[in-house]
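Residue numbers (the UniProt record's numbering): 1 to 402.
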């Protein structure tokens, strides 16, 4: 196992001089890190702008724990911002640009996109110095970014640019205050997860297996494992990846399979400041309630004639198209719900929650019990989720035990 580098000291940084990689048309940079403070410059590659506004550069900042990618192709500064990092675990931030189009992504989550202004499309930083963890001088930043003067404080376990791996432990590149950090959970031999990919969660190593393989190290063939929800009040969150546009907040298709003996408990919920969509068990039947903005007093309704708390697998399919929602259980007895006129979009925080207890202000949906059972084969808009390994919560759900 390799160790991370500790860049928590104020002046800690790593310098890579004269980096010669062809990034004129496109570049993809990947950094795995765990921050200690909310703000700071993580990465910079560019020239000393000497007071100019339009020198070419790439930079990654943390701003209130949100990774923010700034770049300039000579026609003006552009930026894209991701959601805030979880400070309790390692995260991989991937950012870059293809001509004028910039992107940033945390782990394998939603890709945020943006575009630089003006007509220029090429990046001219070939042979310039890369800095990791901070800058020796603010003169390397354009004046409008110099208020973001803090250096990054935290740990880094990997840096790649266009798939070229940059060494972190070459001490001749370190400033005096860089030290060896703690063991990085996924810095082991890349083959340790077989046909899978190593991920870190709650500072522990886990393997996300390719389809058709299972096991702690993806060492054997098999289908993806179902997740077990133990009846605790803690839910597991997943990136929706569909509610990030007007079209997708108006339409969605999702499905999952469940197996349980529970009579009550929350199964699936999405929520924003006012809007929400809930699927839950009450007396062994699937119930649904939704509010697209004008239905706060709407009462839950159930899929009639189908009880699912019998310890066998059942399939739930949901289709939502503007105000209309259709729900079926095992392909039978479709339930149609029509929202009140005036709103047709479900505006949420971009997450889906499974299990646990519905926690926002809509307390009238509190149930006498919590869901104990298994869920598998989750799809959102025809994209499959690994219900265990794709959770963005701190811990991985246990394997199904029913």
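Yeah, the Cβ is synthetic: ideal placement off N, Cα and C, and Gly gets one too.
In this text the structure is predicted, and so the values were computed from the model without any measurement.
With distances taken Cα to Cα, identify the nearest neighbour of residue i among the options.
{"i": "residue 353", "options": "378, 332 and 342", "result": "378"}
{"i": "residue 132", "options": "112, 158 and 118", "result": "158"}
{"i": "residue 265", "options": "71, 43 and 355", "result": "355"}
{"i": "residue 8", "options": "330, 154 and 268", "result": "154"}
{"i": "residue 268", "options": "370, 213 and 193", "result": "370"}
{"i": "residue 337", "options": "233, 16, 357 and 324", "result": "324"}
{"i": "residue 346", "options": "238, 136, 48 and 249", "result": "249"}
{"i": "residue 297", "options": "193, 273 and 339", "result": "339"}
{"i": "residue 281", "options": "366, 123 and 151", "result": "366"}
{"i": "residue 61", "options": "48, 35, 47 and 224", "result": "35"}
{"i": "residue 97", "options": "78, 398 and 255", "result": "78"}
{"i": "residue 218", "options": "198, 181 and 236", "result": "198"}
{"i": "residue 193", "options": "212, 216, 172 and 173", "result": "216"}
{"i": "residue 87", "options": "65, 80 and 108", "result": "65"}
{"i": "residue 164", "options": "3, 30 and 300", "result": "30"}
{"i": "residue 254", "options": "380, 331 and 344", "result": "380"}
{"i": "residue 403", "options": "315, 272, 384 and 130", "result": "Coverage of the chain is limited to positions 1 through 402, which leaves residue 403 absent and any answer about it impossible."}
{"i": "residue 171", "options": "368, 73 and 5", "result": "5"}
{"i": "residue 100", "options": "123, 233, 343 and 89", "result": "123"}
{"i": "residue 319", "options": "288, 19, 293 and 46", "result": "288"}
{"i": "residue 134", "options": "42, 19 and 291", "result": "42"}
{"i": "residue 252", "options": "295, 279, 322 and 305", "result": "322"}
{"i": "residue 372", "options": "32, 317 and 398", "result": "398"}
{"i": "residue 299", "options": "181, 156 and 279", "result": "279"}
{"i": "residue 33", "options": "152, 137 and 316", "result": "152"}
{"i": "residue 168", "options": "156, 47 and 368", "result": "156"}
{"i": "residue 160", "options": "368, 28 and 58", "result": "28"}
{"i": "residue 150", "options": "48, 315 and 44", "result": "44"}
{"i": "residue 291", "options": "317, 343, 331 and 316", "result": "343"}
Would you decide whether residue i is buried or exposed? Buried here means 16 or more other CB atoms lie within 10 Å of its CB.
{"i": "residue 139", "result": "exposed"}
{"i": "residue 67", "result": "buried"}
{"i": "residue 402", "result": "exposed"}
{"i": "residue 206", "result": "buried"}
{"i": "residue 82", "result": "buried"}
{"i": "residue 196", "result": "buried"}
{"i": "residue 341", "result": "exposed"}
{"i": "residue 142", "result": "buried"}
{"i": "residue 230", "result": "exposed"}
{"i": "residue 17", "result": "exposed"}
{"i": "residue 126", "result": "exposed"}
{"i": "residue 415", "result": "Residue 415 lies beyond the range of the chain shown here (1 to 402); nothing can be said about it."}
{"i": "residue 22", "result": "exposed"}
{"i": "residue 1", "result": "Note that residue 1 scores 36 on pLDDT, short of 50, meaning its location in the model is unreliable; the coordinates nonetheless yield the value given after this. With fewer than 16 Cβ atoms within 10 Å of its Cβ, residue 1 is classed as exposed."}
{"i": "residue 273", "result": "exposed"}
{"i": "residue 25", "result": "exposed"}
{"i": "residue 91", "result": "buried"}
{"i": "residue 376", "result": "buried"}
{"i": "residue 72", "result": "buried"}
Whose C-beta lies closer than 6 Å to the C-beta of residue i among residues of the same chain, with five residues either side of it excluded?
{"i": "residue 105", "result": "94 and 111"}
{"i": "residue 261", "result": "309 and 311"}
{"i": "residue 313", "result": "257 and 259"}
{"i": "residue 113", "result": "103"}
{"i": "residue 374", "result": "226, 228, 259, 400 and 402"}
{"i": "residue 263", "result": "283, 284 and 309"}
{"i": "residue 235", "result": "353, 355 and 356"}
{"i": "residue 210", "result": "195 and 196"}
{"i": "residue 242", "result": "The predicted model places residue 242 with a pLDDT of 43, which falls under 50 and marks its position as unreliable, so this point remains unresolved."}
{"i": "residue 223", "result": "none"}
{"i": "residue 19", "result": "130"}
Give me, in chain order, the residues of the same chain whose beta-carbon lies closer than 8 Å to that of residue i; leave out the 5 immediate sequence neighbours on both sides.
{"i": "residue 75", "result": "54, 116, 117, 118, 119 and 120"}
{"i": "residue 247", "result": "For residue 247, the pLDDT reaches just 41, beneath the cut-off of 50, and the residue's location in the model is therefore unreliable, although a value from the coordinates is still provided. Closer than 8 Å at Cβ, skipping near neighbours: no residue."}
{"i": "residue 220", "result": "213 and 214"}
{"i": "residue 63", "result": "38, 39, 81 and 148"}
{"i": "residue 396", "result": "201, 206, 388 and 389"}
Leaving out five residues before and five after residue i in sequence, what residues of the same chain have Cβ atoms less than 7 Å from its Cβ?
{"i": "residue 307", "result": "284 and 285"}
{"i": "residue 145", "result": "70"}
{"i": "residue 303", "result": "285, 286, 327, 329, 333 and 335"}
{"i": "residue 84", "result": "64, 65 and 66"}
- Contained beta strand (DSSP E) runs [length at least 3] in the segment 38 to 73, N- to C-terminal order: 40 to 46, 57 to 63 and 66 to 72
- Message: Taking 8 Å as the cut-off, does the segment 166 to 182 touch the segment 7 to 19 (at least 3 CB pairs, one atom from each stretch)?
- Response: yes
- beta strand (DSSP E) segments (min. 3 residues) lying fully within the segment 146 to 180: 154 to 161
- Could you name each continuous beta strand (DSSP E) segment of 3 residues or more that falls completely within the segment 277 to 354, going from the start of the chain to the end? 285 to 291, 301 to 307, 314 to 321, 324 to 329, 332 to 338 and 351 to 354
- Which ranges does the beta strand (DSSP E) cover as unbroken runs of at least 3 residues, wholly within the segment 117 to 150, from first to last along the chain? 130 to 132
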